[in-house]
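Right, one structure below, let's go through it.
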Amino acid sequence: MIAFLLSLLTGVSAAASAAGTSACSNITSQLGSSKVTSNKYSLDYVGSTEYWNTIQDDYKPSCIVYPKNAQDVSTALQAIRAADSRFAIKAGGHNPNTYYSSVDKGVLLDLSSMTERSYDPDTTLATYQPGGVFGDIYDYYVQYNRTVVGARLAGVGTGLALGGGMSYLSPQYGMACDSFRELEIVLPSGEIVTASEKSNPDLFFASRGGGGNAYGVVTKYTVQSRPIGQLYAGNIIYLFSQKDDVISAIGDFIKYNTDPKAAIIGTYEKLPTPDLNLNIDEAIIMFLVYDGENPGDAFKNFTSIPSLLNTMSLKTYPEVVDMPIPMSTELSRGSNMFRVGVHRADNGSYENALDVWRNWAESNKGKYVLLSLDFQPVPKSLTDASKAQGGNAMQMPDGPWFWLNYLITTPPGMSEPDYNAVQASYRDMVASVDNADDLPLFINDANHDQNPLQTFSAFSKLQEIKKKYDPDNFFADKTGGWSFA
Ligand SMILES: Cc1cc2nc3c(=O)[nH]c(=O)nc-3n(C[C@H](O)[C@H](O)[C@H](O)COP(=O)(O)OP(=O)(O)OC[C@H]3O[C@@H](n4cnc5c(N)ncnc54)[C@H](O)[C@@H]3O)c2cc1C
Numbered sequence: 003m004i005a006f007l008l009s010l011l012t013g014v015s016a017a018a019s020a021a022g023t024s025a026c027s028n029i030t031s032q033l034g035s036s037k038v039t040s041n042k043y044s045l046d047y048v049g050s051t052e053y054w055n056t057i058q059d060d061y062k063p064s065c066i067v068y069p070k071n072a073q074d075v076s077t078a079l080q081a082i083r084a085a086d087s088r089f090a091i092k093a094g095g096h097n098p099n100t101y102y103s104s105v106d107k108g109v110l111l112d113l114s115s116m117t118e119r120s121y122d123p124d125t126t127l128a129t130y131q132p133g134g135v136f137g138d139i140y141d142y143y144v145q146y147n148r149t150v151v152g153a154r155l156a157g158v159g160t161g162l163a164l165g166g167g168m169s170y171l172s173p174q175y176g177m178a179c180d181s182f183r184e185l186e187i188v189l190p191s192g193e194i195v196t197a198s199e200k201s202n203p204d205l206f207f208a209s210r211g212g213g214g215n216a217y218g219v220v221t222k223y224t225v226q227s228r229p230i231g232q233l234y235a236g237n238i239i240y241l242f243s244q245k246d247d248v249i250s251a252i253g254d255f256i257k258y259n260t261d262p263k264a265a266i267i268g269t270y271e272k273l274p275t276p277d278l279n280l281n282i283d284e285a286i287i288m289f290l291v292y293d294g295e296n297p298g299d300a301f302k303n304f305t306s307i308p309s310l311l312n313t314m315s316l317k318t319y320p321e322v323v324d325m326p327i328p329m330s331t332e333l334s335r336g337s338n339m340f341r342v343g344v345h346r347a348d349n350g351s352y353e354n355a356l357d358v359w360r361n362w363a364e365s366n367k368g369k370y371v372l373l374s375l376d377f378q379p380v381p382k383s384l385t386d387a388s389k390a391q392g393g394n395a396m397q398m399p400d401g402p403w404f405w406l407n408y409l410i411t412t413p414p415g416m417s418e419p420d421y422n423a424v425q426a427s428y429r430d431m432v433a434s435v436d437n438a439d440d441l442p443l444f445i446n447d448a449n450h451d452q453n454p455l456q457t458f459s460a461f462s463k464l465q466e467i468k469k470k471y472d473p474d475n476f477f478a479d480k481t482g483g484w485s486f487a
């Protein structure tokens with residue numbers, strides 16, 4: 003029986019491998035060998051198979067394709083379809099869910115060579131291809147004293163905007179996807195189309211925060227750019243003994259801040275080192291950003307709490323997205339997984355989540371190398387800005403409310419049963435903190451099993467759009483991604 007099952011599995015794996023190889027040779031003959039590599043020892047191949055969740059670094063795609071434009075993507079998708087191969091679309095590679103932007107024995111479409119960018123001073127629209135990380139894109143637009151709404155860390159890729167995209171500028175301008183004005187998209191059929199309010203508006207709606215790798219491959223983003231100058235910003239680091247004061251300052255900020263130029267992330271961090279009462283195994287790091295030189299009293303509740311370190315000062319935008327230290331995205335690579343929660347700003351909701359998380363952290367030492375719990379406010383100014391630009395796939399109810407991001411980094415080399423057990427335990431801990439049932443879970447911070455699309459009030463509309471643009475389930479069956487079931 004075991005031999006039979008093994009032969010079945012080996013057969014499936016051999017078929018997957020053959021399909022990948024067939025797709026790759028077809029793509030190479032059409033695009034040329036300069037845009038495709040199958041050499042597992044080449045620098046390109048090794049670089050392309052590095053992920054923020056390093057569990058995926060072991061996957062071995064049959065080849066990696068580096069398209070330069072929409073036509074290349076279309077050619078590749080049609081060859082993948084003809085060969086019945088699996089595939090993945092990778093921008094920055096930060097989605098920690100396996101097989102979302104990674105693939106084993108299939109075709110990896112690595113968008114990193116698509117780095118054309120331009121700015122139209124007459125319309126103030128910015129157009130960029132999906133290659134490179136947001137830090138590169140911000141650096142490009144600084145020459146015009148403009149920026150785009152994107153990641154809060156320089157190293158994150160452009161797939162962020164397809165999952166909504168929370169920026170330090172979001173309280174002013176909405177989510178990153180709210181600034182979309184026109185997208186060039188290669189559909190699962192290989193057809194190249196434009197999506198905007200006027201052209202394929204349903205596809206445009208779904209692409210604004212309804213997730214990547216579902217409706218097609220976005221090959222060009224045209225977005226409303228935003229003015230940017232000096233910002234008053236920095237990190238404040240506190241001992242954990244200040245946790246109650248900091249949590250009530252976070253709660254007050256979520257509930258009462260009305261200045262859309264002020265943005266925060268509150269992060270509680272836990273290392274698994276023995277406590278020894280030295281206070282070295284946990285800390286609180288606030289990220290405070292004001293889009294302007296004078297924050298007034300916006301951060302007074304935070305600056306008045308005694309802290310270990312305060313780096314608040316005037317900064318450029320590229321400096322702000324390098325907080326707390328440059329390369330922090332790259333340095334935090336590891337066996338990482340996210341989970342998300344969503345809550346109204348009711349009294350007690352912050353404290354409860356923090357207590358549950360900390361109790362789990364205390365009783366599971368040794369099973370993680372890093373835990374963090376991040377508070378991300380969604381103010382009314384953000385949801386108003388979203389609505390004013392047509393609204394996104396989340397159809398965000400009026401703020402204030404907040405998302406919680408739960409990160410767990412497990413130790414390298416953990417056995418599979420131990421890994422599965424700790425992930426299940428972390429999942430149960432997060433699930434024990436009740437979510438608000440009328441608010442959307444944030445795709446960008448969600449675990450695959452949280453099915454975030456199902457929490458969107460527009461879910462059935464998204465299901466119809468998915469069916470229309472992926473009618474024979476090519477993407478649904480052949481690449482990873484959120485469930486539409
Ligand atoms: C260190 C760190 C910091 C973060 N900070 C923020 C933040 O400030 N704000 C925020 O909102 N989120 C943040 N996130 C979450 C982040 O938005 C998600 O991880 C997002 O998936 C990253 O996009 P990516 O391009 O780097 O990843 P990828 O894994 O390459 O892409 C994400 C998903 O989109 C798909 N995709 C990517 N590009 C395309 C395309 N052009 N067409 C179709 N599908 C595509 C991929 O297949 C994948 O499923 C952060 C994540 C990390 C790890």
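In this note's numbering, the protein residues as written are 3 to 487.
Ideal placement from N, C-alpha and C gives every residue a C-beta, glycine not left out.
{"query": "Length of the line joining the Cα atoms of R228 and S181", "result": "9 Å"}
{"query": "Beta-carbon gap between P69 and S115 smaller than 8 Å", "result": "yes"}
{"query": "A90 - partner residues in DSSP beta bridges", "result": "L110"}
{"query": "C-alpha gap between A17 and P399, whole angstroms", "result": "46 Å"}
{"query": "For Q131 and A85, the rounded distance between their alpha carbons", "result": "27 Å"}
{"query": "As assigned by DSSP and simplified to three states, the class of A300", "result": "coil"}
{"query": "Integer Cβ distance of G268 from F377, believed to fall under 8 Å", "result": "4 Å"}
{"query": "Span separating the alpha-carbon of T260 from that of L233", "result": "18 Å"}
{"query": "Exposure of I410, with buried meaning 16 or more beta-carbon neighbours within 10 Å", "result": "buried"}
{"query": "Distance cut-off 7 Å: W54 Cβ against heavy atoms of ligand 1", "result": "yes"}
{"query": "Assumed close pair G166, F486 - CB separation to whole angstroms, cut-off 8 Å", "result": "With a Cβ gap of about 17 Å, G166 and F486 do not count as contacting."}
{"query": "Environment of D474 [buried if 16+ CB atoms lie within 10 Å]", "result": "exposed"}
{"query": "Buried or exposed by the 16-neighbour rule on C-beta atoms within 10 Å, applied to A347", "result": "buried"}
{"query": "DSSP state of Y370 mapped onto helix, strand, coil", "result": "coil"}
{"query": "Complete alpha helix (DSSP H) runs within the region 348-418 (minimum length 4 residues, chain order)", "result": "351-365 and 382-390"}
{"query": "Residues near A25 in its chain [Cβ-Cβ closer than 6 Å; skip 5 each side]", "result": "A81, I82, A85, S87 and V109"}
{"query": "C-alpha distance - T224 paired with I307, whole-angstrom precision", "result": "42 Å"}
{"query": "Closest Cα partner of V38 within the set D74, G161, P454 and N55", "result": "D74"}
{"query": "Neighbourhood of N28 by C-beta, 6 Å cutoff - its chain only, sequence neighbours within 5 removed", "result": "A81"}
{"query": "Any non-hydrogen atom of ligand 1 within 7 Å of V322 CB", "result": "no"}
{"query": "Exposure of L373, with buried meaning 16 or more beta-carbon neighbours within 10 Å", "result": "buried"}
{"query": "Backbone CA spacing between S462 and A395 [nearest angstrom]", "result": "11 Å"}
{"query": "Exposure label - G336; buried when at least 16 CB within 10 Å", "result": "buried"}
{"query": "Identified DSSP bridge partners for H345", "result": "F404"}
{"query": "Beta-bridge partners of N338, as assigned by DSSP", "result": "T411"}
{"query": "DSSP state of T56 mapped onto helix, strand, coil", "result": "helix"}
{"query": "C-beta atoms of I187 and V158 nearer than 8 Å", "result": "no"}
{"query": "Assigned exposure category for M329 - 16 Cβ within 10 Å defines buried", "result": "exposed"}
{"query": "Cβ contact check for the region 425-443 and the region 358-369: 3 or more pairs under 8 Å", "result": "yes"}
{"query": "Alpha-carbon spacing of T56 relative to D124, whole angstroms", "result": "43 Å"}
{"query": "C-beta contact flag for S169 and I239 at 8 Å", "result": "no"}
{"query": "N-terminal and C-terminal residue of the beta strand (DSSP E) that F458 is part of", "result": "Looking at the DSSP string, F458 is not in any beta strand (DSSP E), and its letter there is neither H nor E."}
{"query": "Stretch pair the region 337-344 + the region 403-421: three plus CB contacts closer than 8 Å", "result": "yes"}
{"query": "Assigned exposure category for H96 - 16 Cβ within 10 Å defines buried", "result": "buried"}
{"query": "Entirely enclosed alpha helix (DSSP H) segments - the region 109-170, minimum 4 residues", "result": "136-143 and 161-164"}
{"query": "By C-beta, the residues closer than 5 Å to any heavy atom of ligand 1, given in chain order", "result": "W54, I91, K92, A93, G94, G95, H96, N97, Y102, S103, P132, A153, R154, L155, V158, G159, G161, L162, G167, M168, G214, N215, V219, V220, T331 and N446"}
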